[in-house]
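Read through the structure below, which is laid out as structure tokens, and then see the notes.
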Amino acid sequence: MKDECKEPQAPSSPNDAQLQKLMNRLELQIAMKAGVAASISLYLGVAFAKWLGRPDTLISGTWCVLSTFVVMQAHLGGTYRAAWIRFLGVLIGSFTGGLFTSLFGSNAITLGISVVLTVLSCSLLQIKDSIRIACMSVSIVMILWGMQPSISPWQFGWYRFLDSTLGILIAVIISHTLWPTKATQKLRLSVAKTVQMINRLFQMELSLKPPSGNFQTIHKRLTREIEQSIAQAQDFLVDSELEVLSRTRRIEEWSSLLDRLSIIFDATKELNTFHTCSLERILDEHLRSKLEETMNKAVKSMNLLIQRLKREYAEEPSQELREAVEELNKELARFRTTKATRKFERNEVEKFFVFFYNLRLVIEELIKMEEKVYSLLA
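Numbering (the UniProt record's numbering), first residue to last: 1 to 378.
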């Protein structure tokens with residue numbers, strides 16, 4: 001390991017681990033951030049309204065607090081994205097609400113028409129993520145205006161826009177200053193979680209023991225969970241691109257890493273022919289032994305990769321896995337010379353060699369992924 005690499009942390013005591021688990025479950029940092037944000041939003045929202053001499057100070061404070069809660073996310077990238085979505089939605093909603101209230105008044109029919117036009121406007125402008133916020137803003141302007149009919153609808157809508165903008169700014173500032181969490185950290189942990197599930201799927205596919213009766217049920221559920229985990233990692237990647245402090249090169253490397261992960265997952269799914277087509281019947285003793293040895297080294301490499309991602313420390317990839325796949329290739333070449341496959345159907349033999357192709361693909365991509373993780377964490 002290089003000197004500049006981060007050393008793995010010493011294992012913590014059971015009490016420390018339980019305390020950390022409890023703290024994670026309580027989400028104390030998120031609770032503190034939300035509480036501080038609520039207090040600041042209400043105070044500044046009311047103070048800002050009083051400073052402008054507005055008569056609806058409590059509505060302003062409430063709308064400011066709600067805007068802050070909507071925008072604040074678990075990490076900076078998500079907060080940036082939510083802030084932009086909120087800003088566009090409030091801008092369109094406040095304008096539409098002020099326009100229709102001033103022209104037709106506030107009632108159930110005009111509210112319904114306003115919401116329809118708001119949805120159409122967001123769709124035409126290709127900002128569909130802002131539809132819910134825009135509709136909520138229209139409704140707030142048109143409904144709550146009835147509590148202050150002496151104020152111009154345009155003015156009332158403008159006030160709500162200012163309140164929301166203030167809430168957005170507070171959310172971004174709090175996210176930056178109070179325990180800021182970058183989306184790349186969430187991305188790293190999400191990748192570790194995905195590799196862990198793929199590792200489990202890999203072991204299920206290559207188990208030399210006969211599969212249990214609920215094998216297919218577990219297999220389908222695990223496959224679905226991996227697909228969801230990869231999609232979540234992709235979302236974190238998008239949020240990482242929005243973070244001001246994220247480096248473009250690292251984002252590209254994380255994107256490449258997710259591509260490798262998807263290839264490994266797709267190839268691992270194809271390994272199910274080992275059991276579904278009973279390919280273990282074709283193996284001779286030497287090839288079976290080499291397959292088991294290669295599988296164990298691949299599992300070991302995945303476990304090490306998971307620990308590096310979780311603890312965020314870099315370690316040069318071992319050559320064991322690369323040597324194992326080379327030995328497996330030699331064993332396959334030896335197996336071909338025995339002509340043992342002649343005893344089996346042609347389609348079985350084809351699936352047999354496709355299986356080993358996918359196995360080699362998993363290992364080759366895993367080796368590349370180890371190198372990519374080392375580059376990212378070093």
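Glycine is no exception: its CB is placed at the ideal position from the N, C-alpha and C atoms.
Just so it is clear, the structure is predicted and the values come from calculations on it, not from any experiment.
| Check | Outcome |
| --- | --- |
| Exposure label - Asp284; buried when at least 16 CB within 10 Å | exposed |
| Nearest-angstrom beta carbon gap, Ile230 and Leu261 [assumed within contact, 8 Å] | 7 Å |
| Under 9 Å between C-beta atoms of Leu304 and Leu359 | no |
| Buried or exposed (CB count within 10 angstroms, at least 16 for buried), residue 404 | In this structure the chain extends from 1 to 378, so residue 404 is not present and cannot be described. |
| Assigned secondary structure, Glu316 (DSSP; H/G/I helix, E/B strand, else coil) | coil |
| contact_flag[the stretch 155-171, the stretch 45-52] where n(CB pairs < 8 Å) is 3 or more | yes |
| Residues of its chain near Thr341, where Cβ-Cβ distance is below 6 Å and the 5 sequence neighbours each way are ignored | Val349 |
| Of the listed residues Leu124, Met369 and Ile170, nearest to Gly35 (C-alpha basis) | Ile170 |
| Under the three-state DSSP convention, the category Met72 falls into | coil |
| Spatially closest choice to Glu241 from Glu225, Lys182 and Lys269, by CA coordinates | Lys182 |
| Minimum Cβ-Cβ distance from Val195 to chain C less than 9 Å | Among the chains in the structure shown there is no chain C, since it carries only a single protein chain. |
| Nearest candidate by alpha-carbon position, reference Arg311, set Leu377, Glu331 and Glu345 | Leu377 |
| Own chain partners of Ser207 with C-beta closer than 7 Å, once the 5 adjacent residues on each side are dropped | none |
| Span of the alpha helix (DSSP H), counted from its first residue to its last, around Gln196 | Ala183 to Leu206 |
| Host alpha helix (DSSP H) of Arg160 (start-end) | Pro153 to Thr177 |
| Residues near Ile85 by beta carbon distance below 8 Å, same chain, minus five either side | Ile127, Asp129, Ser130 and Ile133 |
| Of the listed residues Ser121, Ser256, Thr217 and Ile59, nearest to Ile143 (C-alpha basis) | Ile59 |
| Spatially closest choice to Arg200 from Phe355, Pro153 and Ala298, by CA coordinates | Ala298 |
| Rounded straight-line distance, which links the Cα of Glu225 to that of Ser246 | Confidence at Ser246 is low in this model, with a pLDDT of 48, below 50, so the placement of that residue should be treated as unreliable; the coordinate-derived value is given next. Rounded to the nearest angstrom, the two C-alpha atoms are 28 Å apart. |
| CB-CB length for Val138 against Ser114, believed under 8 Å | 5 Å |
| Bounding residues of the alpha helix (DSSP H) (the contiguous stretch that carries Ser278) | Note, Ser278: premise wrong, no alpha helix (DSSP H); not H, not E. |
| Contact between the stretch 147-154 and the stretch 90-107 (3+ Cβ pairs under 8 Å) | yes |
| Collapsed DSSP secondary structure at Ser150 in the structure displayed | coil |
| Three-state secondary structure (DSSP) of Gln216 | helix |
| Neighbour-count burial assignment, Ile173, 16 or more Cβ in a 10 Å radius | exposed |
| Ala231 (DSSP reduced to helix, strand or coil) | helix |
| Cα-Cα separation between Cys122 and Thr79, rounded to whole angstroms | 21 Å |
| Chain-order list of residues whose beta-carbon lies under 7 Å from that of Thr118 (same chain, five-residue window excluded) | Ile92, Gly93, Thr96, Ala134, Cys135 and Val138 |
| Spatially closest choice to Gln319 from Lys220, Glu364 and Thr57, by CA coordinates | Glu364 |
| C-beta atoms of Thr62 and Leu44 nearer than 9 Å | no |
| Local conformation of Leu366 per DSSP, three classes | helix |
| Selection from Ser289, Glu316, Lys290 and Gly77 that minimises the alpha carbon distance to Ser301 | Glu316 |
| Continuous alpha helix (DSSP H) stretch holding Ile109: start and end | Ala108 to Leu124 |
| Beta carbon of Phe274 nearer than 9 Å to that of Phe355 | yes |
| Spatial neighbours of Gln196 in its chain, beta-carbon cut-off 7 Å, leaving aside the 5 residues before and after | Ile306 |
| Cβ-Cβ distance between Ile282 and Phe344 below 9 Å | yes |
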